[in-house]
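Contents: one structure, followed by commentary.
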Amino acid sequence: MEDSGKFSENTEEETSGIVEIHERVKHRNNEKKEEFPPVHYQPFNALEELRAFRKERRNLSPQEARVRFDLLKQRTLEQEQGIANTTSLLHDICYANATVTPDLLRDIVEEAAESFQFTEKQRSEFLRVVDEASERHAKVEIYKELPPEELYELCFKKRPRGAVQVLPGLVTLHIICSEREDYLDAAVYSQTKGTTAPTEEDLAHARRTGGMALREVALPELRRIITIGDTDSVLHEEQHQLNSLFVPLEETTTELEVLRKVLGVNGLENSPATKEKLLHQLLRSQRMRWGSYFGEDVGVDARARDEILAFYSNSALPDAIKKELTEHPVYDYKKILEKLIPQRMQHALLLFVSEKIDGKSRRMEVSDDIVNPLVQEIFEQEYKQKLQEWTGAITQLEEKGYTQGEVLSHFLATPVNTWKRLAERLPDKRLFDKMP
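Under the working numbering, residues 7 to 442 are what the sequence shown spells out, in order.
Dropping the structure here:
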């Protein structure tokens, strides 16, 4: 079939089927979303309890303080375990492609929330996961009815050259292309969002991959649902889309907040030391949280977290995961983003920072000669140290007697930059196994 790069002509029957599907999705999107019901139990907020303990500690005897603190620590660990167990259960249900209703999933969340006294924010986040999973599943059920070639065309705005197969999961549609060029067209379309002509770098990146979980396709309603690749890549790419449901409640930091933290209330001191501190903080926050180059607010650290969880879910060993993320060019985020990182930082400086020179205020400017060595330090040297830390946290929990499923349940529920601390804090299960 000739590739024109445009929509092909659909028959009247085909067009009617596509319109019907769009109408069903539109109707579903317009349905009124139910508000989460109010909490009917007493939530346990570990941070608030810790603040209260610190205020009251001076009025307690050392023994009373120790008892109170140990109880607080125990309740916190129990709640963390409850969050991990609930995350793991919901994840396993989705991964097993089980036939369940949204009401059953909500009941699971509500029972866990009451048992472990989730905060309102924690409970709402789990209910959001249920709603998102239910929404994606409903769209999968609708769009899996389309012939595979038509689904491909709707997603990537061109007819495939060869045969296409679609494997539906609970919350994913995996597209298998018989022609490598069809796979590359789909991958590049998602990378560029179909708005710009692909560069040689875009094509080279796509050629190095064997499967992708796509964030962007031509149909917004199929965002985070489509995966592409061969049959061997189904589980790994599906894992990425499932991981996107369970994004932890990470602290988010805007450029302005970072700048205020560094500069304080008095503005920028005109000194090299303060400027260097500012640039370090901006670049580190860019690596950890910003990442809008990927089409959404997900930083490089979060991308690595997603890959680690996907590889580990498929039984890859921690050292092998670190080697893959360190050596495979697909995961060389510094190289992929090397032109965009300085641009993003310069944009933040232009918007928010001024400095006084000869008594006059002007927008701060920093040359690439200053920025590039810091990019090397933070996005390569420091990042590789972090990869060792994150995969090492998996090893540490395994050495404490935790199973693969238990490790995943804890780390699916937590930001990657807290894994090391969590692994150190969780008790050694082997000690309990030896107890009479």
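C-beta atoms are modelled at their ideal positions from N, C-alpha and C, and glycine is treated no differently.
Rounded Cβ spacing between Ser319 and Asn91 (contact assumed at less than 8 Å): In the sequence shown, the residue the question calls residue 319 occupies position 313. In the sequence shown, the residue the question calls residue 91 occupies position 85. The pair is not a contact, with the Cβ atoms about 17 Å apart (cut-off 8 Å).
Pair within 8 Å by beta-carbon distance, Ile234 and Met218: The count along the sequence shown starts at 1 and reaches residue 234 at position 228. The count along the sequence shown starts at 1 and reaches residue 218 at position 212. Cβ distance < 8 Å, so Ile234 and Met218 count as in contact.
Leu173, DSSP secondary structure in three states: Residue numbering aside, residue 173 sits at position 167 when the sequence shown is read from its first letter. In the three-state reduction of the DSSP assignment, Leu173 falls in the strand class.
C-beta contact flag for Ala52 and Gln85 at 8 Å: The sequence position of residue 52 within the sequence shown is 46, counting from 1. The sequence position of residue 85 within the sequence shown is 79, counting from 1. Their beta carbons are under 8 Å apart, which means Ala52 touches Gln85 by this criterion.
Beta-bridge pairing of His180 - partner residues as DSSP gives them: Start at 1 with the first residue of the sequence shown, and residue 180 comes out as number 174. According to DSSP, His180 shares a beta bridge with Leu173 and Thr233.
Reference Tyr101, options Arg309, Leu437, Val177 and Glu207, closest by Cα: Counted from its first residue, the sequence shown places residue 101 at position 95. Comparing Cα positions, the closest option is Val177.
Whole-angstrom C-beta distance between Ala399 and Lys435, which should lie under 8 Å: Here the question's residue 435 lines up with position 429 in the sequence shown. Here the question's residue 399 lines up with position 393 in the sequence shown. In this structure Lys435 does not touch Ala399 by the C-beta definition: roughly 15 Å separates them, more than the 8 Å allowed.
For Ala139 and Leu173, the rounded distance between their alpha carbons: Taking the sequence shown and counting its residues from 1, the one referred to as residue 173 is at position 167. Taking the sequence shown and counting its residues from 1, the one referred to as residue 139 is at position 133. Taking the straight line joining both Cα atoms gives about 17 Å.
Inter-residue spacing [alpha-carbon to alpha-carbon] between Lys345 and Glu207: Along the sequence shown, one-based indexing puts residue 345 at 339. Along the sequence shown, one-based indexing puts residue 207 at 201. The alpha-carbon separation between Lys345 and Glu207 amounts to approximately 12 Å.
Beta-carbon proximity check, Val223 vs Ser250, cutoff 8 Å: The residue given as residue 223 occupies position 217 in the sequence shown. The residue given as residue 250 occupies position 244 in the sequence shown. Their beta carbons are not under 8 Å apart, which means Val223 does not touch Ser250 by this criterion.
Contact belief for Val136 with Arg112 at Cβ below 8 Å, rounded distance in angstroms: On the sequence shown, position 130 is the one that residue 136 refers to. On the sequence shown, position 106 is the one that residue 112 refers to. With 8 Å as the limit, Val136 and Arg112 qualify as a contact, their Cβ atoms being about 5 Å apart.
Distance, Ala419 Cα to Ile327 Cα: Taking the first residue of the sequence shown as position 1, residue 327 is located at position 321. Taking the first residue of the sequence shown as position 1, residue 419 is located at position 413. One C-alpha to the other measures close to 20 Å.
Beta-carbon separation (whole angstroms), Gly88 vs Ser67, contact threshold 8 Å: Numbered from 1 along the sequence shown, position 82 holds the residue referred to as residue 88. Numbered from 1 along the sequence shown, position 61 holds the residue referred to as residue 67. Between Ser67 and Gly88 the Cβ distance is about 31 Å, and since that is not below 8 Å, they are no contact.
Closer than 7 Å: Gln128 CB and nearest the ligand HEM heavy atom: As far as ligands go, the structure on display features none, and thus does not contain the ligand HEM.
Length of the line joining the Cα atoms of Arg165 and Glu244: Taking the sequence shown and counting its residues from 1, one reaches residue 165 at position 159. Taking the sequence shown and counting its residues from 1, one reaches residue 244 at position 238. Straight-line spacing of the CA atoms in Arg165 and Glu244 works out to 24 Å.
Distance between Val73 and Asp375 (C-alpha atoms, nearest Å): For the purposes of this step, residue 375 is taken as the residue at position 369 of the sequence shown. For the purposes of this step, residue 73 is taken as the residue at position 67 of the sequence shown. Annotation: Asp375 to Val73 spans about 56 Å, alpha carbon to alpha carbon.
Top-ranked residue by Cα proximity to Thr237, from Val170, Thr202, Ala192 and Lys283: Residue numbering aside, residue 237 sits at position 231 when the sequence shown is read from its first letter. Cα-wise, what sits closest to Thr237 is Val170.
Cβ-based burial, Gln391 [other Cβ within 10 Å; buried from 16]: Taking the sequence shown and counting its residues from 1, the one referred to as residue 391 is at position 385. So Gln391 ends up on the exposed side.
Proximity of Met294 and Asp307 at Cβ, strictly below 8 Å: Start at 1 with the first residue of the sequence shown, and residue 294 comes out as number 288. Start at 1 with the first residue of the sequence shown, and residue 307 comes out as number 301. Yes, the Cβ-Cβ distance between Met294 and Asp307 is below 8 Å.
Coarse secondary structure for Leu78, derived from DSSP in three states: The residue given as residue 78 occupies position 72 in the sequence shown. Residue state, collapsed to three classes: helix.
Gly407 in three-state terms, based on DSSP: As a working mapping, residue 407 is identified with position 401 in the sequence shown. In the structure shown, Gly407 sits in coil (DSSP, three-state: anything other than H, G, I, E or B).
Through-space distance from Asn378 to Ala144, alpha-carbon basis: Walking along the sequence shown from the start, residue 144 turns up at place 138. Walking along the sequence shown from the start, residue 378 turns up at place 372. C-alpha separation (whole angstroms): 46 Å.
Under 8 Å between C-beta atoms of Phe132 and Val115: Counted from its first residue, the sequence shown places residue 132 at position 126. Counted from its first residue, the sequence shown places residue 115 at position 109. Yes, they are a contact pair.
Straight-line gap, Val194 to Gly305 (C-alpha atoms, nearest Å): Translated into positions along the sequence shown, residue 194 becomes position 188. Translated into positions along the sequence shown, residue 305 becomes position 299. Cα to Cα, the separation comes out at about 20 Å.
Proximity to Leu220 [Cα-Cα], best of His246, His211 and Lys340: Numbered from 1 along the sequence shown, position 214 holds the residue referred to as residue 220. Nearest C-alpha to Leu220: His246.
Start and end residues, beta strand (DSSP E) containing Asn219: The residue you call residue 219 lines up with position 213 of the sequence shown. It should be pointed out that residue 219 corresponds to Ala in this sequence rather than to Asn. Its beta strand (DSSP E) spans residues Gly217 to Ala219.
Separation of Arg309 from Val372, as counted between CA atoms: Translated into positions along the sequence shown, residue 372 becomes position 366. Translated into positions along the sequence shown, residue 309 becomes position 303. Their Cα atoms are separated by approximately 28 Å.
Whole-angstrom distance between Val336 and Thr198, CA atom to CA atom: Numbered from its first residue, the sequence shown carries residue 198 at position 192. Numbered from its first residue, the sequence shown carries residue 336 at position 330. For Thr198 and Val336, the gap between their C-alpha atoms comes out near 16 Å.
Same chain, Cβ closer than 6 Å to Ser10, neighbours up to 5 away in sequence not counted: Along the sequence shown, read from residue 1 onward, the residue named residue 10 stands at position 4. Note on Ser10: pLDDT 30, under 50, position unreliable in the model; no value is reported.
Counted within 10 angstroms of its Cβ, other Cβ atoms place His211 as buried (16 or more) or exposed: As a working note, residue 211 is residue 205 in the sequence shown. Burial call: buried.
Per-residue burial, Glu54 [other beta carbons within 10 Å of its own, 16 or more giving buried]: Here residue 54 refers to the residue found at position 48 of the sequence shown. Answer is exposed; the Cβ neighbour count stays below 16.
Selection from Thr409, Trp396, Leu393 and Ile347 that minimises the alpha carbon distance to Gln382: Working through the sequence shown from its first residue, we reach residue 382 at position 376. Cα-wise, what sits closest to Gln382 is Ile347.
Other residues of its chain near Asp109: CB distance less than 8 Å, five sequence neighbours each side excluded: Within the sequence shown, numbered from 1, the residue matching residue 109 stands at position 103. So the list is empty, once near-sequence residues are dropped.
Contact check, Leu380 vs His286, beta carbons under 8 Å: Counted from its first residue, the sequence shown places residue 380 at position 374. Counted from its first residue, the sequence shown places residue 286 at position 280. In this structure, His286 lies closer than 8 Å to Leu380 by Cβ.
Unbroken alpha helix (DSSP H) run spanning Asn378, endpoints: Here residue 378 refers to the residue found at position 372 of the sequence shown. Run containing Asn378: Asp374 to Gln382, per the alpha helix (DSSP H) assignment.
Which of helix, strand or coil DSSP assigns to Pro68: Mapped onto the sequence shown, residue 68 falls at position 62. DSSP, read as helix, strand or coil, puts Pro68 in helix.
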